[in-house]
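Residue numbers (the working numbering): 5 to 102.
All residues carry an ideal CB built from backbone N, CA and C; glycine is no exception.
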């Protein structure tokens with residue numbers, strides 16, 4: 005079995021794992037994991053630990069959201085296009101660092 009596309013995260017307690025899972029369901033992050041990635045998939049984190057543009061789901065989750073909830077837009081396009089969108093949303097005050 006190939007585990008290349010798998011994400012692994014450890015938790016200090018079962019309760020912490022359950023709480024994080026519920027947060028992922030509630031915020032829509034779990035739905036993000038179901039999106040089929042393509043070569044042109046980019047992730048724009050507008051609310052999270054480190055808002056910005058990411059080219060992989062793993063980096064968006066690990067660095068953009070810090071394995072927590074937030075807001076992510078997943079789209080197909082170039083990094084330059086995604087950065088332009090991010091900068092525009094940021095200029096409108098729609099980007100939040102948690």
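Of all the options 95, 77, 70 and 98, which has the alpha carbon lying nearest to the alpha carbon of residue 24?
It is 70.
Quick check on DSSP: helix, strand or coil for residue 100?
strand
Which value, in whole angstroms, describes the spacing of the CA atoms of residue 33 and residue 91?
22 angstroms
Determine, using beta-carbon pairs with one atom in the segment 37-53 and one in the segment 86-102, whether at least three such pairs fall under 8 angstroms.
yes
Closest Cα partner of residue 45 within the set 67, 80 and 88:
With distances taken between Cα atoms, residue 45 lies closest to 80.
Run through the DSSP bridge pairs and tell me what residue 77 is partnered with.
According to DSSP, residue 77 bridges with 48.
Going by beta-carbon coordinates alone, are residue 73 and residue 47 separated by less than 8 angstroms?
no
Within the continuous alpha helix (DSSP H) that includes residue 67, where are the two ends?
Taken as a continuous stretch (DSSP letters only), residue 67 belongs to no alpha helix (DSSP H), as it is neither H nor E.
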